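2 protein chains.
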Amino acid sequence: MAAPAEKHDVFKAIADPTRREVLRLLSEDERPISEIVNHFDMSRTAVTKHLQILTEAELISGRKEGREKIYQLHPEPLTEVKQWLAYYEKFWCNKLAMLKHYVEKDNS
Amino acid sequence: MAAPAEKHDVFKAIADPTRREVLRLLSEDERPISEIVNHFDMSRTAVTKHLQILTEAELISGRKEGREKIYQLHPEPLTEVKQWLAYYEKFWCNKLAMLKHYVEKDNS
DNA sequence: TGAATATGTAACCATTTGGTTGTACGTTTA
DNA sequence: TAAACGTACAACCAAATGGTTACATATTCA
Numbered sequence: 095m096a097a098p099a100e101k102h103d104v105f106k107a108i109a110d111p112t113r114r115e116v117l118r119l120l121s122e123d124e125r126p127i128s129e130i131v132n133h134f135d136m137s138r139t140a141v142t143k144h145l146q147i148l149t150e151a152e153l154i155s156g157r158k159e160g161r162e163k164i165y166q167l168h169p170e171p172l173t174e175v176k177q178w179l180a181y182y183e184k185f186w187c188n189k190l191a192m193l194k195h196y197v198e199k200d201n202s
Numbered sequence: 095m096a097a098p099a100e101k102h103d104v105f106k107a108i109a110d111p112t113r114r115e116v117l118r119l120l121s122e123d124e125r126p127i128s129e130i131v132n133h134f135d136m137s138r139t140a141v142t143k144h145l146q147i148l149t150e151a152e153l154i155s156g157r158k159e160g161r162e163k164i165y166q167l168h169p170e171p172l173t174e175v176k177q178w179l180a181y182y183e184k185f186w187c188n189k190l191a192m193l194k195h196y197v198e199k200d201n202s
């Protein structure tokens, strides 16, 4: 049952603006590939590749329905990013935590 | 005063594991390049390139001190990621928001 | 001064990324 | 059945990415 791990990690997946836009589209509603393609100025093949990368990161999944393939959002893997960010939040939310880093040197 | 915008956006900057590790190191304390290099199994030149990318994303900055260049963390740009994530949090924190997406189809 | 240290940078390279076109295949529908 | 639709996939390509080695420059210290 051990997943073969993520070939594409979620950080790489969300690094591309096109892929972030795909996620936004799918957050509104599930959509077939052809409909997703309409939102971009690139070929269907290019969009399909982005969908594959997002699928490998398990951020989306697609199901065949007739001749269409319908993709839907799975936001859960984004928790990894959230957890990573949480560590750094203290550095900008809690000024006290920044003292160690900035006080002595940046005294201009 | 208008910044020439970010050549490297923060999403690309944090996409690389090496760069995330650099951020973690600098969150502990500011460090000269040579000390950062010691933490990795790659050349100083390679590390320097990562430092440049992080600098362009304004996640770190370096100051010359004698013959050393000392880098320190600037976590502020990460707020952009946090804001982006906030939009998707409702999809995994608030089950109700997911109804529209999953209820009708995923009824197995 | 001269050696050692720390960094800057040019030139190069393999692989990945992000895109293309062309063709094939399954599904509707007239 | 034949045409139209939606998708899959192979082959190809330019540019970006992530790394290297080699050499130059600036600073410290014996």
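Going down the list, the sequences are from chains A and B.
Plus 94 on top of the position in the first sequence (first one is 1) and you've got our numbering.
Plus 94 on top of the position in the second sequence (first one is 1) and you've got our numbering.
The beta carbon of each residue, even a glycine, is placed where N, CA and C say it ideally should be.
Bear in mind the structure is a predicted one, so any value in this text is a computation, not a measurement.
Taking the CA atoms as reference points, A:F134 sits about 42 Å from B:E124. At a cut-off of 8 Å, the C-beta of B:I127 has no neighbouring C-beta in chain A. Beta-carbon to beta-carbon, A:Y165 and A:L120 are separated by about 6 Å, close enough to satisfy the 8 Å threshold.
Contacts with chain B (Cβ-Cβ distance below 8 Å) from the stretch 161 to 173 of chain A involve Q166, L167, P169, E170, L172, T173, listed in chain order. In the assembly as shown, A:K158 is an exposed residue. Its beta-carbon has fewer than 16 other beta-carbons within 10 Å. Your pair A:I108 and B:F105 checks out as a contact, with CB atoms roughly 6 Å apart and the cut at 8 Å.
The beta-carbon separation of B:I147 and B:H102, rounded to 5 Å, stays under the 8 Å limit for a contact.
Closest in C-alpha terms to B:E174, from the list A:T142, A:E183, A:R138, comes A:E183. Across the set B:P169, B:N132, B:E115, B:E162, the C-alpha of B:P169 shows the shortest separation from the C-alpha of B:E152. The beta carbon of B:P126 lies closer than 7 Å to those of E162, K163, I164 in the same chain, with the five residues before and after it left out. Contact of B:L179 with chain A by beta-carbon distance below 8 Å involves L172, V175, K176, L179. Residue environment analysis places B:R138 among the exposed positions, since fewer than 16 neighbouring C-beta atoms fall within 10 angstroms of its C-beta. For the C-beta of A:S137, not a single chain B residue is nearer than 8 Å; the gap to the nearest is close to 23 Å. Not flagged as an interface residue toward chain B: A:A140, since no C-beta distance is shorter than 8 Å. Going by beta carbons, B:G160 and B:L145 fall outside the 8 Å limit.
The C-beta separation of B:L167 from A:L179 comes to about 14 Å, leaving the pair out of contact by the 8 Å criterion. Close to A:A109, with beta-carbon spacing below 7 Å, are these residues of chain B in chain order: F105, K106, A109.
Using a CB distance cut-off of 8 Å, B:F185 counts as an interface residue toward chain A.
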